[in-house]
Amino acid sequence: MRGGILAPFVLAGALCACADQTRLSERSHISGASFRDVSALTVFIADILADTLPPATTTLRVIPLSGDDPDHAAFLLANTLRERGFALSPDGMPYPGSHSVRYAVSPVGGNLVLELDADDASTTCLYGHTPSGALKPVGSCTSRNGTSLTLRIPAIALPDREPMALATAAPAVATHPLPSQPRGPFPITPSGPAEVPTQTPVVAPLPRPIITQAPLPVWVLLKGEPVRDQMLAWGDKAGWTVIWPVDREMNWIVPVTTSFTGRFDDKESGPLAQVIRTLVAEDKPVKLDLYYPNRTAVISNTGVAQ
79 MRGGILAPFV LAGALCACAD QTRLSERSHI SGASFRDVSA LTVFIADILA
129 DTLPPATTTL RVIPLSGDDP DHAAFLLANT LRERGFALSP DGMPYPGSHS
179 VRYAVSPVGG NLVLELDADD ASTTCLYGHT PSGALKPVGS CTSRNGTSLT
229 LRIPAIALPD REPMALATAA PAVATHPLPS QPRGPFPITP SGPAEVPTQT
279 PVVAPLPRPI ITQAPLPVWV LLKGEPVRDQ MLAWGDKAGW TVIWPVDREM
329 NWIVPVTTSF TGRFDDKESG PLAQVIRTLV AEDKPVKLDL YYPNRTAVIS
379 NTGVAQ
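Residue numbers (this note's numbering): 79 to 384.
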């Protein structure tokens, strides 16, 4: 009798596990999302995984995308996961001790649904758009615990309204070339030991604490994508609103993939400032103003080559 009672539960568990393995055997896929959406979603996925697993000791096997990848989702996700500190198995191949990750994005009305699987744990999240076009969560994610893994959903702070009226403009970005390498930290010279009186016992000094700095974020400008779309996506990632005119004459195609480092809001050597300076050096009539109180970057057409 006991076996008869337990049998349905055992069967249900087996079916559930089988369903999980079936989903992980399918390829990842994305449909109905813009480049800006894809860029934001890769950050959301990386944040969920980094909040769930220790990146420094975790290897991920990301299930490859099916079909074409016009918005470079695989590259953007891999780059963001490596930024978080994860190791990745090559080409989504099985790797001992790795966690399998699959993602699927589909449109629902004007929103997007993200299904994320990590081993046999899963979560489903709904995303809409702010008035300025940034992707934002709609409601709470629906998660199901796995055998040994529970996906944790971090809080996401995104602007939910249009930027406030702009205050006095910040100085325009200078047009002189930037140094090829970011500035390094100031050198720290250890001070010599203090003079010790002969009658005082010598005490070994305490070890100096090791001061570490978080690595500067990396910003990748992708070949073949419009520069305006990529700057809007960078702004979303940094929590800034980027205002760039919808003008075909100001939405140039990036000719080569390039990486930048630095804080997004650094008006002298930040990634956005470097991109604008590069455009100015190519006689593009653009100017950048940064408004720090409401975290807004405005790119305008000067009308003349600089």
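We treat Cβ as the ideally placed atom computed from N, Cα and C, and that holds for glycine.
Can you check which of these residues, the options, is closest to residue i by C-alpha distance?
i	options	result
valine 353	Arg373, Val332, Asn372	Val332
serine 184	Ile108, Pro304, Leu366	Ile108
isoleucine 123	Leu192, Arg105, Asp169, Gly163	Leu192
histidine 177	Met328, Glu346, Phe342, Asp195	Asp195
asparagine 189	Pro168, Gly217, Asp197, Ala199	Gly217
valine 298	Ala165, Met328, Leu350, Asn329	Leu350
arginine 180	His207, Leu131, Glu104, Trp312	Glu104
glutamate 360	Ser221, Gly110, Ser112, Trp330	Trp330
phenylalanine 338	Val296, Ala165, Pro232, Ile234	Val296
proline 300	Gly317, Thr336, Leu310, Ala311	Note that residue 300 is leucine in the sequence shown, not proline. Among Gly317, Thr336, Leu310, Ala311, the Cα nearest to that of leucine 300 is on Thr336.
glutamate 161	Ile234, Leu229, Leu294, Ala151	Leu294
For residue i and residue j, I'd like the C-alpha separation in whole angstroms.
i	j	result
proline 363	tryptophan 322	13 angstroms
glycine 348	asparagine 223	40 angstroms
leucine 227	leucine 357	47 angstroms
alanine 212	aspartate 149	16 angstroms
proline 371	threonine 225	46 angstroms
aspartate 198	threonine 120	20 angstroms
glycine 206	lysine 315	16 angstroms
methionine 328	arginine 306	8 angstroms
glycine 340	serine 221	35 angstroms
alanine 182	glutamate 346	39 angstroms
aspartate 344	leucine 368	9 angstroms
glutamine 308	threonine 135	31 angstroms
glycine 110	leucine 366	31 angstroms
leucine 204	valine 334	34 angstroms
alanine 151	arginine 230	22 angstroms
serine 167	proline 304	30 angstroms
phenylalanine 342	threonine 202	30 angstroms
glycine 302	cysteine 219	34 angstroms
isoleucine 234	serine 112	20 angstroms
glycine 317	alanine 165	26 angstroms
alanine 311	leucine 159	17 angstroms
Counting C-beta neighbours from all protein chains within 10 Å, is the total for residue i 16 or more, i.e. buried, or is it exposed?
i	result
valine 324	exposed
aspartate 146	exposed
serine 144	exposed
serine 106	buried
serine 200	buried
arginine 326	exposed
threonine 380	exposed
glycine 313	buried
glycine 187	exposed
arginine 355	buried
alanine 128	buried
threonine 130	buried
glutamate 240	For glutamate 240, the pLDDT reaches just 49, beneath the cut-off of 50, and the residue's location in the model is therefore unreliable, although a value from the coordinates is still provided. So glutamate 240 ends up on the exposed side.
Which whole-angstrom value is the C-beta distance of residue i and residue j, which I expect to be below 8 angstroms?
i	j	result
glycine 163	proline 133	3 angstroms
proline 215	isoleucine 126	Actually they do not touch by this definition, with Cβ atoms about 11 angstroms apart.
Please tell me whether residue i has its Cβ less than 8 angstroms away from any Cβ of chain D.
i	result
proline 304	Although the question refers to chain D, the structure presented lacks it and comprises just one protein chain.
Relative to the ligand PLP, is the shortest distance from any of its heavy atoms to the C-beta of residue i smaller than 7 angstroms?
i	result
valine 191	As presented, the structure is devoid of all ligands, the ligand PLP included, so that no description of it is given.
- Query: Do the stretch 112-125 and the stretch 151-162 make contact, defined as three or more Cβ pairs closer than 8 angstroms?
  - Reply: yes
- Can at least three beta-carbon pairs, one atom from the stretch 309-322 and one from the stretch 374-382, be found at a separation below 8 angstroms? yes
- Sufficient close CB pairs (3 or more, under 8 angstroms) joining the stretch 132-145 to the stretch 160-180: yes
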